[in-house]
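Residue numbers (our numbering): 654 to 826. Heads up, the beta-carbon is just placed ideally off N, CA and C, and yes, glycines get one too. Data block below; observations after.
Structure follows, in structure tokens:
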């Protein structure tokens, strides 16, 4: 697959919410991407409830991951994610604080991008069980282009041993 705007790219996104109606915030993100031109939601993981990470946020998060096919280039995809976060009421005073919606680009095909405002694969991916567990549910055999390891291996090796509880709620179009 090329990186031209007419090519279709496989991406993986992480969703998180700790403010307001957390489940509805995640559904909003999935619905927005589902309805958007140039994107197609392929799979959405189960929802997990997880303790806050990073020491600033105080409320438990709802987390999920999704696989999307898109014609957006990486920089355009970042703008789309920021727009959806903003539409959900996301404030950015402190990026580690509690938030209505967080959308992180985990992978974009097998690209490695390291720019000031865009780093793919996500830099903390391998240290976050709350990302790896839902990602494992939809893409256990996907290979992280940076480490060369499958998601299933990254989950087993993850140093984060926090409690990640699967909820019965489902997202998805």
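From this set, 684, 779, 705 and 667, which residue's C-alpha is nearest residue 808's C-alpha?
On the chain shown, residue 808 is found 155 positions in, with the first residue counted as 1. With distances taken between Cα atoms, residue 808 lies closest to 779.
List the endpoints of the continuous beta strand (DSSP E) containing residue 783.
Position 130 of the chain shown, counting from 1, holds the residue named residue 783. Residue 783 -> not in any beta strand (DSSP E); alpha helix (DSSP H) instead, spanning 782–791.
Any heavy atom of the ligand MN closer than 7 angstroms to the beta-carbon of residue 675?
Absence of the ligand MN is noted for the structure shown, with no ligands found whatsoever.
Beta strand (DSSP E) containing residue 755: first to last residue?
For the purposes of this step, residue 755 is taken as residue 102 along the chain shown, with counting starting at 1. Unbroken beta strand (DSSP E) run through residue 755: 755–761.
Whole-angstrom Cβ separation of residue 804 and residue 793, contact assumed at under 8 angstroms?
Translated into positions along the chain shown, residue 804 becomes position 151. Translated into positions along the chain shown, residue 793 becomes position 140. Right, their Cβ atoms sit about 5 angstroms apart.
Whose CA, out of 713, 680, 728 and 691, lies closest to the CA of residue 719?
Position 66 of the chain shown, counting from 1, holds the residue named residue 719. For residue 719, the nearest C-alpha among the options comes from 680.
Can you tell me the Cβ-Cβ gap for residue 757 and residue 667, rounded? I've got them flagged as a contact below 8 angstroms.
Looking up residue 757 in the chain shown gives position 104. Looking up residue 667 in the chain shown gives position 14. The Cβ separation is near 4 angstroms, so the contact holds.
State the Cα-Cα distance for the pair residue 813 and residue 781, rounded to the nearest angstrom.
Taking the chain shown and counting its residues from 1, the one referred to as residue 813 is at position 160. Taking the chain shown and counting its residues from 1, the one referred to as residue 781 is at position 128. About 6 angstroms.
In this structure, what does DSSP give as the bridge partners for residue 739?
One-based indexing of the chain shown puts residue 739 at position 86. Beta-bridge pairing links residue 739 to no other residue.
What residue does the alpha helix (DSSP H) around residue 721 start on, and which one ends it?
Here residue 721 refers to the residue found at position 68 when the chain shown is read from its first residue. Run containing residue 721: none in the alpha helix (DSSP H); it sits in the beta strand (DSSP E), 714–723.
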